[in-house]
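Remarks on the structure that follows.
Number of protein chains: 2
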Amino acid sequence: MQENERKKLEAAGWKVGNVDEFLGLSSEESAYIEMKLALSQTLRQRRLNNHLSQMEFAKMVHSSQSRIAKMEAGDPSVSIDLIVKSLLALGASTQDVANAISSATSRAA
Amino acid sequence: MQENERKKLEAAGWKVGNVDEFLGLSSEESAYIEMKLALSQTLRQRRLNNHLSQMEFAKMVHSSQSRIAKMEAGDPSVSIDLIVKSLLALGASTQDVANAISSATSRAA
DNA sequence: TGTAAATATGTCATATTCGGCATAAATTAA
DNA sequence: TTAATTTATGCCGAATATGACATATTTACA
Chain A
13 MQENERKKLE
23 AAGWKVGNVD
33 EFLGLSSEES
43 AYIEMKLALS
53 QTLRQRRLNN
63 HLSQMEFAKM
73 VHSSQSRIAK
83 MEAGDPSVSI
93 DLIVKSLLAL
103 GASTQDVANA
113 ISSATSRAA
Chain B
13 MQENERKKLE
23 AAGWKVGNVD
33 EFLGLSSEES
43 AYIEMKLALS
53 QTLRQRRLNN
63 HLSQMEFAKM
73 VHSSQSRIAK
83 MEAGDPSVSI
93 DLIVKSLLAL
103 GASTQDVANA
113 ISSATSRAA
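Read top to bottom, the protein sequences are chains A and B.
Here the working numbering is used: the first residue of the first sequence is 13, the next is one more, and so on.
Here the working numbering is used: the first residue of the second sequence is 13, the next is one more, and so on.
Okay, here's the thing in structure tokens:
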């Protein structure tokens, strides 16, 4: 795993256990996190493109500003489900979601 | 919404509320369900390709046979997160997941 | 037909995720 | 700089997802 990869995951606050690689990330775990971060970043981009603050967007989707912040940070406490639903609320299509995940592949370590 | 689409969603056990369309599915809700069903079906295909019973696969991913069945049925009680993690455990790549979701687009009503 | 293996369905206690709140930190504009 | 706005972080009770279990149904094959 590359150094910048490690930093990205640490920055997202991930702590995982009992594997033997550096930082304890199995390939499945890191693939999952990469996907989630790709979706998170797409969410933020879409929100900004729509000129919405986190607070405004939170009200749109009946959530809270803090949860939007955590979504966009790829926080471990948020599910992919929630991020996907939020993307759809911002007008993303199924294909847009697929493309976002697809973009994670090229960025993976 | 088409009739066969309706049946597919009903078969998956979905009950949704307070929208004005038939069966109460907003476009975001149906997009979410389509994605989930596409992932579910991909999961089943992968499991069968690997010649695993639900029970065998359940042990691999530290889950239970009943939950695997619900995953593959796209049951409302299972999250996309769980299905994605299971796909990764079966050797799917990030791109495979993206492709599965992408395939939902063409199948959507 | 029977019967064994596989899958589906319903329920429950526990674990995880959720919105909401307070507040800290950062960003922007005067 | 200051003040206003936006975003980040930590915590909590409520809501939802989870594995596990029992059991029903379906499938495969003799």
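We put the beta carbon where it would ideally sit given N, CA and C, even for glycine.
Please give me, in chain order, every unbroken run of the alpha helix (DSSP H) with length at least 4 that falls completely inside the segment 48-90 of chain A. List check, alpha helix (DSSP H) in window: 66-72 and 77-85.
What residues from the segment 40-73 of chain A come within 7 Å of chain B, judged by C-beta to C-beta, listed N to C? Cβ contacts with chain B come from Glu-40, Ala-43, Tyr-44, Glu-46 and Met-47.
Ser-78(A) versus Lys-71(A) - alpha carbon distance: By one-based count along the first sequence, residue 78(A) stands at place 66. By one-based count along the first sequence, residue 71(A) stands at place 59. So the alpha carbons of these two residues sit roughly 12 Å apart.
Contact residues within the segment 81-109 of chain A, judged by C-beta distance below 8 Å to chain B: Ser-91, Ile-92, Asp-93, Val-96, Lys-97, Leu-100, Ala-101, Ser-105, Thr-106, Gln-107 and Val-109
Does DSSP put Ala-104(B) in a helix, a strand or coil? Your numbering for residue 104(B) matches position 92 in the second sequence. Residue state, collapsed to three classes: coil.
By DSSP, does Leu-99(A) sit in helix, in strand, or in coil? For the purposes of this step, residue 99(A) is taken as residue 87 along the first sequence, with counting starting at 1. Three-state DSSP puts Leu-99(A) in a helix.
Within the chosen definition, does the segment 109-118 of chain B reach the segment 80-89 of chain B through at least 3 CB pairs nearer than 8 Å? no
Hey, is Ser-118(B)'s beta-carbon within less than 7 Å of any beta-carbon in chain A? Taking the second sequence and counting its residues from 1, one reaches residue 118(B) at position 106. It does not; no Cβ of chain A falls within 7 Å.
Between the CA atoms of Ala-43(B) and Glu-68(A) - distance to the nearest angstrom: In the first sequence, counting from the first residue as 1, residue 68(A) sits at position 56. In the second sequence, counting from the first residue as 1, residue 43(B) sits at position 31. One C-alpha to the other measures close to 23 Å.
Best match in Ile-45(A), Glu-84(A) and Arg-58(A) for proximity to Ser-105(A) [C-alpha to C-alpha]: Translated into the one-based positions of the first sequence, residue 105(A) becomes position 93. For the residues Ile-45(A), Glu-84(A) and Arg-58(A), the minimum Cα distance to Ser-105(A) belongs to Arg-58(A).
Let me see if you follow: with CB-CB separation under 7 Å, is Ser-75(B) close to chain A or not? Position 63 of the second sequence, counted from the first residue, corresponds to residue 75(B). No, its Cβ sits nowhere closer than 7 Å to a Cβ of chain A.
Alpha carbon to alpha carbon, how far is Ala-50(B) from Ser-39(A)? Give it in angstroms, no decimals. Position 27 of the first sequence, counted from the start, is the residue given in the question as residue 39(A). Position 38 of the second sequence, counted from the start, is the residue given in the question as residue 50(B). Distance between the alpha carbons of Ser-39(A) and Ala-50(B) is about 23 Å.
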